[in-house]
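Peer 1: Take a look at the following structure, please.
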Amino acid sequence: MNITTSEFFRTRRLVLKGAGVAALIGLGVVPFDVPQALAAANDKYPEEAFKQKTEADAIKALYGKTAEPSDKVKMDAPEIAENGAVVPISATTTLADVTSIAFLVSENPISLIASYKIPAGTLPSVANRIKMAKTSNVTVIVEAGGKLYSAQKEIKVTVGGCGG
Amino acid sequence: MASSIRVRATSNGDTTEVQALIQHPMDSGFVKDAKGEIIPPHFIQVLTFEYDGKPVFVADWGGGVSKDPYVKFAFKGGKKGDDLTVSWIDNKGATDTTTAKIQ
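Residue numbers (my numbering), protein chains in the order written: chain A, 1 to 164; chain B, 165 to 267.
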C-alpha cells in the first residue's frame, strides 16, 4: 500500500471520505468503531459480506435477514454464457420503496458480486456485467420496504471466468 | 491523464438514464498469471454517482464484477446540461472522479 492516511483526508468530497474510511477498515488501519458521521450508514462498504463464501452467509452479512422469492423481481440474463468472465445481467422490480439491489453467484469463490444502493427517486433497475466461475444459480436480492425479495436463475457457463 | 471513467447520461424528460464504463482490471484475487502466481486482488469497491449534491446511485462491488465494469441505471429528474459526478475508490485506495453533462 503506497497511499498514506493523509492522502485520504486530503480528498475533499464527503462521499469519498466515507469510502476511504471503508477502505481503511479493510486495511486494518482504523478500528471498527469509526465515528458514524464519517462512515455514514449509506456510504459504508460491506466488507464482511464480500468475504463470505456462501450465498446464505453473504445475504446474512449484508442484510441480517433472509429473502423470500418473489415474481415481482425480474432478472434478465442469458441461458448460456459462453464467456464466464463477462456475463451481462440486469434486474428490475415492480416493488415499491426499493432501497437496494444485490447480485450473488452461488458457485463463485466469493458469492456476493455487487450491492447497489437505490436512493429515493432512483428507479429500481440496474444492469451490470459479472464474472462466473462455472455453471451456477444467480440470485438477485431486492430490499423493499425493509423486506428482502429474491429471484433466481441458473446460467450455464461454458468457459469459466475466475481463472484456474 | 485521461479519465478511467466514461459516462453517458441522457435525459428524456422525466428521468435520466446513466451508463458508465470504467477502465479497471477488477482482479478478484483468484486468478493465476502465466507463471502460476496468484494475481492479487485489485478491484473497485465503491462507485458513486452524484447529482445536485446528493448520491443517486451507489455501487458496492467485489472482485466478481467483470474487468472494465459497466453499469446502467436511471433516476427521476435531471435536466439537460446539469452535472453528474461519478467517482470510485478501489481496494488499494486509488480513486478517480469525473463530471459529465447530462445530454
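For glycine and all other residues, C-beta sits at the position ideal for the given N, C-alpha and C. Just so it is clear, the structure is predicted and the values come from calculations on it, not from any experiment.
Please determine if the segment 194 to 202 of chain B and the segment 70 to 80 of chain A are in contact, where contact requires at least 3 C-beta pairs separated by less than 8 Å.
Peer 2: No: fewer than three Cβ pairs fall under 8 Å.
Peer 1: With the cut-off set at 8 Å, would you say I59/A and A77/A are in Cβ contact?
Peer 2: The residue given as residue 59/A occupies position 59 in the first sequence. The residue given as residue 77/A occupies position 77 in the first sequence. Against a cut-off of 8 Å, the Cβ pair of A77/A and I59/A comes out as no contact.
Peer 1: What does H206/B pair with, by DSSP beta-bridge criteria?
Peer 2: The sequence position of residue 206/B within the second sequence is 42, counting from 1. Looking at the DSSP assignment, H206/B forms a beta bridge with D191/B.
Peer 1: Taking a Cβ distance cut-off of 7 Å, strictly less, list which residues of the segment 120 to 142 of chain A are near chain B, in chain order.
Peer 2: Per Cβ criterion, the list reads G121, T122, L123, S125, V126, A127, N128, R129, I130 and K131.
Peer 1: Taking the CB atoms as reference points, tell me whether I155/A and A102/A lie closer together than 8 Å.
Peer 2: Translated into the one-based positions of the first sequence, residue 155/A becomes position 155. Translated into the one-based positions of the first sequence, residue 102/A becomes position 102. No.
Peer 1: Applying the criterion that 16 or more other CB atoms from any shown protein chain within 10 Å of the CB defines a buried residue, is N128/A buried or exposed?
Peer 2: The residue you call residue 128/A lines up with position 128 of the first sequence. With 16 or more other Cβ atoms within 10 Å, it is buried.
Peer 1: Determine the closest residue to D178/B out of F237/B, I253/B and K243/B, with distance taken between C-alpha atoms.
Peer 2: Against the second sequence, residue 178/B aligns to sequence position 14. Ranking the options by Cα distance to D178/B, first place goes to K243/B.
Peer 1: In whole angstroms, what separates the C-alpha of T93/A from that of T180/B?
Peer 2: Taking the first sequence and counting its residues from 1, the one referred to as residue 93/A is at position 93. Taking the second sequence and counting its residues from 1, the one referred to as residue 180/B is at position 16. Their backbone Cα atoms lie some 18 Å apart in a straight line.
Peer 1: Look at the alpha carbon of D191/B and the alpha carbon of P233/B, and state the distance between them as a whole number of angstroms.
Peer 2: By one-based count along the second sequence, residue 191/B stands at place 27. By one-based count along the second sequence, residue 233/B stands at place 69. C-alpha separation (whole angstroms): 11 Å.
Peer 1: So if I threshold CB-CB distances at 9 Å, which residues from the segment 233 to 251 of chain B count as touching chain A?
Peer 2: Here the close residues are P233, Y234, V235, K236, F237, A238, F239, K240, G241, T249 and S251.
Peer 1: Going by alpha carbons, who is nearest to K117/A out of K218/B, I169/B, Q187/B and N176/B?
Peer 2: Translated into the one-based positions of the first sequence, residue 117/A becomes position 117. It is K218/B.
Peer 1: By how many angstroms is the C-alpha of K53/A removed from the C-alpha of L248/B?
Peer 2: Here residue 248/B corresponds to residue number 84 of the second sequence, with the count starting at 1. Here residue 53/A corresponds to residue number 53 of the first sequence, with the count starting at 1. Rounded to whole angstroms, L248/B to K53/A spans 35 Å at the Cα level.
Peer 1: What distance in whole Å lies between the Cβ atoms of L104/A and T139/A, which are believed to be in contact at a cut-off of 8 Å?
Peer 2: Translated into positions along the first sequence, residue 139/A becomes position 139. Translated into positions along the first sequence, residue 104/A becomes position 104. The Cβ separation is near 5 Å, so the contact holds.
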